[in-house]
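In our numbering, the protein residues as written are 8 to 511.
In structure tokens, the structure reads:
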């Protein structure tokens, strides 16, 4: 999730009809002809061929390195001040790409000449921000993954030189975080008119038990904790423990930095995957924060993924949406259901990990610092294995709609394939003798991205096919912008094993 500075981040079979003498067909099916709100821009027209490809082998697989399918990020902004927004993609193992917007939804790959490909390491979320206030957007990139070397996990900061080239200077600015970083947000937490930084990091191991999280909050490695950096005259200083948020330990996938209790100071919401609860750090207006999730929200999503914060009912109060993994399809909801245990649920609650449920959350802001969860009321509780999400007015009717990127490279929770994998390992003495054969035991099912129209009165209507989102994919990170300056919002997704999408 990657827009407006504080929102993250972090998902079809189309008949393509176009004349040979058209301008390479801008769109894969024109919205004017089909009545669809969005059209998928043809990659031959856009010039954007970026594809986030990963390598699967016994040393790097979901069963060894769980976040392998979490995907890369997208940042959008005008890097050369020509009035057209440009696009930056991160690749987990492939070079990052920067595309210069040339107008009419055509883009030029300037990654190599710009010096922003990123080198080695596992690249995750990314943000565009003018960190040195020179009028040009810079690029921040989070690195982490399975990489053991702290140097190759060091986050990157590309400083814009004003001539379509960049110089990496994270260490110089003090933002070269060497944790296992997934995403970051720049925001002004102390209202001193400069931008500070919050970086999401996570433990090296994904599947931790309840005691592991509790102990990690107390004494976990610095590399596995989120970090808060204060901007002091252009140099960033780690103030995590001084600010009172050092006892964090979770697998954060997105964050929101915004004013959650209407006191004119930005707070921090971290959406944590797995067992750990989400964090809501409320700004105490004295440079410190207080974790206050349980007093603000009665229940939350279990496998929290993406998040966005915007006003869905035009009451002047911003509301929170958090995506999760519950399939909308009945069959998939049964074959892909995660393990459930009443005893474990009760243990989570008893140990302070809060009431967590396996579906999306739509937290309605009540205006008194409290939120009511209404995802099932709004019809937005199920969007399959979801990532980035945006509460934005896509149809220009004055109400914020909802987009959710979707897809996971392999159906790792499929019950039948789990039995097949166990049998394979039993037959091969616990070893993977044929990598391709082993991975084929786990299905690979693409999913459509989800989009909902806000009809008002807390009623969201699915418009997947009607609005042009019929092509299935493995979409992860996403961002939004008016790329062609025509007055409506376009959507960009970073896809795994397929070229990125631009929905116009």
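Backbone N, C-alpha and C fix where the C-beta goes; we use that ideal spot for every residue, glycine too.
Excluding residues up to 5 positions away in sequence, 52, 53 and 54 lie with their Cβ nearer than 8 angstroms to the Cβ of residue 113 in the same chain.
Around the Cβ of residue 110, a 10 Å sphere holds fewer than 16 other Cβ atoms; the residue is exposed.
Taking C-beta atoms under 8 angstroms as the contact rule, residue 278 and residue 332 fail to qualify, at a distance of about 12 angstroms. Counting C-beta pairs closer than 8 angstroms gives fewer than three between the stretch 118-125 and the stretch 62-78, which falls short of the contact rule. In this structure, residue 132 sits away from residue 154, with a CB-CB distance that is not shorter than 8 angstroms. Looking at 290, 369, 285 and 374, the one whose alpha-carbon comes closest to that of residue 361 is 285. Here residue 292 is exposed. Its C-beta has fewer than 16 other C-beta atoms within 10 Å. Taking the Cβ atoms as the reference, residue 262 lies roughly 13 angstroms from residue 330, outside the contact range of under 8 angstroms. The beta-carbon distance between residue 501 and residue 151, rounded to whole angstroms, is 16 angstroms. This is too long to meet the 8 angstroms contact definition.
Taking all protein chains in view, the Cβ of residue 373 is surrounded by fewer than 16 other Cβ atoms within 10 Å, so the residue is classified as exposed. An exposed status is given to residue 472, since fewer than 16 other beta-carbon atoms sit within 10 Å of its beta-carbon.
Going by beta carbons, residue 103 and residue 61 fall outside the 8 angstroms limit. Taking 8 angstroms as the cut-off, the beta carbon of residue 485 is found closer than this to the beta carbon of residue 412. Burial is judged here by how many other beta carbons sit within 10 angstroms of a residue's own beta carbon; residue 178 has fewer than 16 and is exposed.
Residue pairing by DSSP places residue 280 opposite 258 in a beta bridge. Take the alpha-carbon of residue 453 and the one of residue 95: they are about 24 angstroms apart. Rounded to the nearest whole angstrom, the C-alpha separation of residue 143 and residue 87 is 7 angstroms. Between residue 407 and residue 317, the C-beta gap is smaller than 8 angstroms, which places the two residues in contact. Nearest to residue 44 by C-alpha distance, out of 463, 482, 459 and 479, is 459.
The beta carbon of residue 355 lies closer than 7 angstroms to those of 217, 282 and 363 in the same chain, with the five residues before and after it left out. By alpha-carbon distance to residue 195, the top candidate from 76, 326 and 266 is 266.
The count of Cβ pairs closer than 8 angstroms, one atom from the stretch 419-435 and one from the stretch 466-482, stays below three, leaving the stretches out of contact.
CA-CA distance, residue 444 to residue 436, rounds to 15 angstroms.
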